[in-house]
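Participant: Before we start, here is the structure in question, set down as structure tokens.
Protein chains: 2
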Amino acid sequence: METISENACFGGLQGVYRHASKATGTDMTFGLFLPVEAQDGPVPVLWYLSGLTCTHENAMVKAGAQAWAAEQGIAVLFPDTSPRGADVPDDDAYDLGQGAGFYVNATQAPWAQHFKMWDYIAEDLPVLVFDRFALDPQRQSITGHSMGGHGALTLAMGLPGRFRSVSAFAPICHPSNGDWGRKQLGAYLGPDSAEWAKHDATLMMRNVGLDIPLLVDTGASDQFIDLLQPEALAQAVMARRLPATLRLQKGYDHSYFFVSTFMEDHISFHAEALYS
Amino acid sequence: METISENACFGGLQGVYRHASKATGTDMTFGLFLPVEAQDGPVPVLWYLSGLTCTHENAMVKAGAQAWAAEQGIAVLFPDTSPRGADVPDDDAYDLGQGAGFYVNATQAPWAQHFKMWDYIAEDLPVLVFDRFALDPQRQSITGHSMGGHGALTLAMGLPGRFRSVSAFAPICHPSNGDWGRKQLGAYLGPDSAEWAKHDATLMMRNVGLDIPLLVDTGASDQFIDLLQPEALAQAVMARRLPATLRLQKGYDHSYFFVSTFMEDHISFHAEALYS
Chain A
6 METISENACF
16 GGLQGVYRHA
26 SKATGTDMTF
36 GLFLPVEAQD
46 GPVPVLWYLS
56 GLTCTHENAM
66 VKAGAQAWAA
76 EQGIAVLFPD
86 TSPRGADVPD
96 DDAYDLGQGA
106 GFYVNATQAP
116 WAQHFKMWDY
126 IAEDLPVLVF
136 DRFALDPQRQ
146 SITGHSMGGH
156 GALTLAMGLP
166 GRFRSVSAFA
176 PICHPSNGDW
186 GRKQLGAYLG
196 PDSAEWAKHD
206 ATLMMRNVGL
216 DIPLLVDTGA
226 SDQFIDLLQP
236 EALAQAVMAR
246 RLPATLRLQK
256 GYDHSYFFVS
266 TFMEDHISFH
276 AEALYS
Chain B
6 METISENACF
16 GGLQGVYRHA
26 SKATGTDMTF
36 GLFLPVEAQD
46 GPVPVLWYLS
56 GLTCTHENAM
66 VKAGAQAWAA
76 EQGIAVLFPD
86 TSPRGADVPD
96 DDAYDLGQGA
106 GFYVNATQAP
116 WAQHFKMWDY
126 IAEDLPVLVF
136 DRFALDPQRQ
146 SITGHSMGGH
156 GALTLAMGLP
166 GRFRSVSAFA
176 PICHPSNGDW
186 GRKQLGAYLG
196 PDSAEWAKHD
206 ATLMMRNVGL
216 DIPLLVDTGA
226 SDQFIDLLQP
236 EALAQAVMAR
246 RLPATLRLQK
256 GYDHSYFFVS
266 TFMEDHISFH
276 AEALYS
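From first to last, the protein sequence lines stand for chains A and B. Under the numbering used here, think of the first position of the first sequence as 6, with each following residue one higher. Under the numbering used here, think of the first position of the second sequence as 6, with each following residue one higher.
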């Protein structure tokens, strides 16, 4: 593992690191905010999965998470959204290929060799970070924005027992039924939509459910709200009679101004689960 | 004036606007965060002047100011750091020309025509924003980072009575005596260093002084600290027996991770002056 940068930040350390990933077969870069408490022993960690076109860096510099994570003594991990590099397949569209991994293990050419983002987030990166940093594997929570909200929800439901709480900002809620999803799940997983079900938060909610606290915020003026389909997830959550907080926020759009506005709420929500 | 974007943000509105500036003879772009209180009448405003290479955008998305400004009911204004455009002179170096206006009125070719950033900040932009937005001209404070910290300090001392408080993050404190300053002041103002004195915070502090509260933070591990010369300003402030808070922050560097870490302190500091 190589250190790209380390900056003092809210009493702790904002680092950026690069490592060779077995899952993707590429070098991968991630950001990690460690609160000062990590100097004295393992701290809880919140995974933050980013959206389309983002790298590890966008949320790290724009989401304003460190202020509240420092206050709560929680680490925040910012993985990249796909494998990258000249040897890695890509697509001219912003929403497929590099920057658009969708947190699945691709099975289809040309993606199958490197696009193993589920394994990267679920297996590969955890092994590294719990070995190298003062992070407590028993106290993990997960959140994300847009495509990363989709990832947070599907990973939380697909890995029961792994996370203590899950939240999302403007998640893609029902990708197998929308333009942010059908194209990508088809490309990565093939045309059999039965393969897509475990990567669709609404279907996972119907089929599997969730036994940890859930918080979802979406901007009522989100310019992509028809692609996100918060109503589909809401229906599935309520039909399961699951304790959850699902909110539409008046006037907010899809930007980081929206994410940063509600970041304090989300980190407080996770802190309650991580310290209980 | 043209609206480039408006995003809901911490209950208020983060806008970006473009207007034709008389001072620079160019179009200029600025960011303005308005807290929700601006819907009911004029609110206090904090000017945030940015550093070398920055546009209006960097601090607006990375400094984390809106969270605290919203809490305090204060607007934050993010001007650009220079005129821009194909017709505007530039230099290959990052620290001269576009993105590096140094908050002076250039008198030398080729800069004199457009590089009137002092007038832009002191006269031109105020006329526009107090006319168009619910901002209270009687309650203005100013801050900035690096070159913008230099600008904040020199404007505060050069415009007595204008601002109620001034702060700076890692300001260039003594530009007439360092590599971040001599080159630029020479280029913009000519070789007579007597012309530079009112654009040097340390000299202004010695010659003119300040009668409003002052807060300055610099990272003790700032990679540019020898260029910033906080010791020069500190000597001048203390020699004047001025009430002021000058801090070196252990471990912090020159980045926005440093700025965002201490933003809450700075906005609280200004709020005290703006609401007294």
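Built from N, CA and C at the ideal position, the CB exists for glycine as well.
Give me whichever residues DSSP pairs with residue 221(B) in a beta bridge.
Facilitator: 173(B), 251(B), per the DSSP bridge assignment.
Participant: Within 10 angstroms of its Cβ, does residue 129(A) collect 16 or more other Cβ (buried), or is it exposed?
Facilitator: It counts as buried.
Participant: Within 9 Å of any Cβ in chain B, is that where the Cβ of residue 146(A) sits?
Facilitator: By this cut-off, residue 146(A) is not an interface position.
Participant: Using Cβ-Cβ distances below 8 Å, what residues of the region 44-72 of chain A are close to chain B?
Facilitator: From the region 44-72 of chain A, only 66, 67, 69, 71, 72 have a Cβ closer than 8 Å to chain B.
Participant: What residues of chain A sit near residue 258(B), judged by a beta carbon separation below 9 Å?
Facilitator: By Cβ distance, chain A contributes 12, 13.
Participant: Is it a yes or a no for the region 149-161 of chain A touching the region 169-177 of chain A, going by three-plus beta-carbon pairs under 8 Å?
Facilitator: A contact exists between the region 149-161 of chain A and the region 169-177 of chain A.
Participant: Excluding the 5 residues preceding and the 5 following residue 126(A) in the sequence, name in chain order all residues of the same chain whose CB lies nearer than 8 Å to its CB.
Facilitator: Excluding sequence neighbours, residue 126(A) sits near 52, 54, 84, 108, 156, 160.
Participant: Should residue 25(B) go down as buried or exposed, given a rule of 16 or more other Cβ atoms within 10 Å for buried?
Facilitator: It counts as exposed.
Participant: Cα-Cα, which of 262(A), 207(A), 230(A) is closest to residue 240(A)?
Facilitator: If we check each option's Cα against that of residue 240(A), 207(A) comes out closest.
Participant: Do residue 65(B) and residue 19(B) have their C-beta atoms within less than 9 Å of each other?
Facilitator: Against a cut-off of 9 Å, the Cβ pair of residue 19(B) and residue 65(B) comes out as a contact.
Participant: In terms of alpha-carbon separation, which member of 71(B), 212(B), 136(B), 275(B) lies closest to residue 148(B)?
Facilitator: The option with the nearest alpha carbon to residue 148(B) is 275(B).
Participant: Assign residue 230(A) to one of three DSSP states: helix, strand, or coil.
Facilitator: Helix.
Participant: Give every residue of the same chain whose Cβ lies closer than 7 Å to the Cβ of residue 8(B), excluding the five residues on either side of it in the sequence, and list them in chain order.
Facilitator: Answer for residue 8(B): 20, 22, listed in chain order.
Participant: Could you pull out every residue in the same chain whose Cβ sits closer than 7 Å to the Cβ of residue 115(B), ignoring the five residues on either side in sequence?
Facilitator: The answer, listed in chain order, is 94.
Participant: Do residue 221(A) and residue 251(A) come within 9 Å of each other at the CB atom, strictly closer than that value?
Facilitator: Against a cut-off of 9 Å, the Cβ pair of residue 221(A) and residue 251(A) comes out as a contact.
Participant: Which chain A residues sit within Cβ distance under 7 Å of residue 261(B)?
Facilitator: Chain A residues near residue 261(B): 66.
Participant: In chain order, what are the residue ranges of uninterrupted beta strand (DSSP E) at least 3 long that sit wholly in the region 65-125 of chain A?
Facilitator: For the region 65-125 of chain A, whole beta strand (DSSP E) runs of length 3 or above, ordered along the chain, are 80-84.
Participant: Take residue 200(A) and list the residues in its own chain whose beta-carbon comes closer than 7 Å to its own, dropping the five residues that flank it on each side.
Facilitator: Contacts found: 194.
Participant: Measuring alpha carbon to alpha carbon, tell me which residue in 281(B), 31(B), 256(B) is nearest residue 227(B).
Facilitator: That would be 256(B), whose Cα lies nearest to the Cα of residue 227(B).
Participant: Could you have a look at residue 168(A) and say whether DSSP puts it in helix, strand or coil?
Facilitator: Coil at residue 168(A), not helix or strand.
Participant: Establish whether the CB of residue 154(B) and some CB of chain A are separated by less than 9 Å.
Facilitator: Chain A, which has no Cβ nearer than 9 Å to the Cβ of residue 154(B), makes this no.
Participant: Enumerate in chain order the residues of its own chain whose CB-to-CB distance from residue 88(B) is below 6 Å, with the five nearest sequence positions on each side excluded.
Facilitator: Once the five neighbours on either side are set aside, the close Cβ partners of residue 88(B) are 29, 31, 119.
Participant: For chain B, check one thing: does any of its Cβ atoms lie closer than 9 Å to the Cβ of residue 77(A)?
Facilitator: Judged by the 9 Å Cβ criterion, residue 77(A) is not in contact with chain B.
Participant: Is residue 201(B) helix, strand or coil by DSSP?
Facilitator: In this structure, residue 201(B) counts as helix in the three-state DSSP scheme.
Participant: Who are the Cβ neighbours of residue 124(B) in its own chain at under 6 Å, not counting the five residues just before and after it?
Facilitator: Answer for residue 124(B): 28, 110, listed in chain order.
Participant: Check each residue of the region 13-43 of chain B: if its Cβ is closer than 8 Å to any Cβ of chain A, include it; give the result in chain order.
Facilitator: For the region 13-43 of chain B, which is checked against every Cβ of chain A, the residues closer than 8 Å are 13, 14, 15, 16, 19.
Participant: Compare the C-beta of residue 269(B) against all C-beta atoms of chain A and say whether one is closer than 9 Å.
Facilitator: By this cut-off, residue 269(B) is an interface position.
Participant: Does any C-beta atom of chain B lie closer than 9 Å to the C-beta of residue 183(A)?
Facilitator: Output row for residue 183(A): interface = no.
Participant: What in chain D is Cβ-close to residue 266(B), meaning under 7 Å?
Facilitator: Here the protein chains are A and B, and chain D is not one of them.
Participant: Would a C-beta distance cut-off of 9 Å place residue 182(A) and residue 244(A) closer than the cut-off?
Facilitator: Their beta carbons are not under 9 Å apart, which means residue 182(A) does not touch residue 244(A) by this criterion.
Participant: Quick check: the Cα distance between residue 49(A) and residue 229(A), rounded to an integer number of angstroms?
Facilitator: One C-alpha to the other measures close to 32 Å.
Participant: Nearest to residue 218(A) by alpha carbon, out of 197(A), 273(A), 188(A)?
Facilitator: Minimum Cα distance to residue 218(A) is reached at 273(A).
Participant: Give the C-beta separation of residue 14(B) and residue 71(B) to the nearest angstrom, bearing in mind that I take them to be a contact with Cβ-Cβ under 8 Å.
Facilitator: That belief holds up - the Cβ atoms of residue 14(B) and residue 71(B) are roughly 5 Å apart, short of 8 Å.
Participant: So is residue 44(A) buried or exposed if we call it buried at 16+ other beta carbons inside 10 Å?
Facilitator: Exposed: under 16 other Cβ atoms inside 10 Å.
Participant: Enumerate in chain order the residues of its own chain whose CB-to-CB distance from residue 282(B) is below 6 Å, with the five nearest sequence positions on each side excluded.
Facilitator: Shown here, chain B extends from 6 to 281; a query on residue 282(B) therefore has no answer.
Participant: Among the candidates 99(A), 224(A), 165(A), 86(A), whose CA atom is the shortest distance from the CA of residue 253(A)?
Facilitator: Of the candidates 99(A), 224(A), 165(A), 86(A), the one whose C-alpha sits nearest the C-alpha of residue 253(A) is 224(A).
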